[in-house]
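Enquirer: Sequential numbering of the sequence shown, starting at 1342, is according to this note's numbering.
Take this structure, written in structure tokens, and hold onto it; I'll ask about it next.
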Amino acid sequence: MSRWYEHKIPPPVIDLAVGVLMWVLAQAVPSARLWRPEPLSIFTVVGLVIAFAGGLVALAGALEFSRARTTVNPLSPRKASMLVTTGIYRFTRNPMYLGMLLVLVGWGVYLGNAVAFLALPLFVWLLNTLQIKPEERILRERFGVAYQRYAARVRRWI
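Below, the structure is given as structure tokens:
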């Protein structure tokens, strides 16, 4: 049963909105600062490394979809022509979303404010609600037992 809010907001838009929210929270509660975001500080480097790793995870997921010649468009999961279970999909069912989450974690490390990290569970909840669970329902319908076995073997996030 499709719901009106499913697959309406592109996940990168959700990612960007949560990133902005993290910045707003960091500005609103300066007393929660863990460290000062400065160019070339160890925290900036660590944040960049985490964000870069997230980008690589997301790219690996997109490349596997491309190799399988199936849609990468998160707003049209019904167009999936193949169940992809190879490459990074052996470890996570949602590497593109996991990559986005890692980019946000890197952003949070750069911001250096404890309150900013409170937005991360919101991102996970939004993606689970608006995108992942509806995608899973469609994949179960399209690929049946093959998807059920895959979902039992590989975790949703990590």
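Heads up, the beta-carbon is just placed ideally off N, CA and C, and yes, glycines get one too.
Quick caveat, the model's predicted, so the values are computed rather than measured.
Tell me, to the nearest whole angstrom, how far the beta carbon of residue 1367 is from that of residue 1454; I am working on the premise that it is less than 8 Å.
Expert: Yes, they are in contact, since the Cβ atoms of residue 1367 and residue 1454 sit about 4 Å apart, within 8 Å.
Enquirer: For the stretch 1434-1499, list the alpha helix (DSSP H) runs that are entirely contained and at least 4 residues long, ordered along the chain.
Expert: Counting whole runs of 4 or more residues, the stretch 1434-1499 contains the alpha helix (DSSP H) stretches 1436-1452, 1460-1468 and 1474-1494.
Enquirer: For residue 1380, count neighbouring Cβ atoms within 10 angstroms of its own Cβ and tell me buried if that reaches 16, exposed if not.
Expert: Answer is exposed; the Cβ neighbour count stays below 16.
Enquirer: Give the single residue among 1362, 1424, 1432 and 1447 whose Cα lies nearest to the Cα of residue 1385.
Expert: Ranking 1362, 1424, 1432 and 1447 by Cα distance to residue 1385 puts 1447 first.
Enquirer: Measuring CB to CB, does residue 1449 end up less than 9 Å from residue 1399?
Expert: No, these two residues do not count as a Cβ contact at 9 Å.
Enquirer: For residue 1374, which of helix, strand or coil comes out of DSSP?
Expert: Residue 1374 falls in the strand class under three-state DSSP.
Enquirer: Give the secondary structure of residue 1346 by DSSP, where H, G and I count as helix, E and B as strand, and everything else as coil.
Expert: In this structure, residue 1346 counts as coil in the three-state DSSP scheme.
Enquirer: Relative to the C-alpha of residue 1452, which candidate in 1369, 1353 and 1345 has its C-alpha closest?
Expert: With distances taken between Cα atoms, residue 1452 lies closest to 1369.
Enquirer: Would you kindly work out how many angstroms separate the C-alpha atoms of residue 1361 and residue 1410, rounded to a whole number?
Expert: Rounded to the nearest angstrom, the two C-alpha atoms are 33 Å apart.
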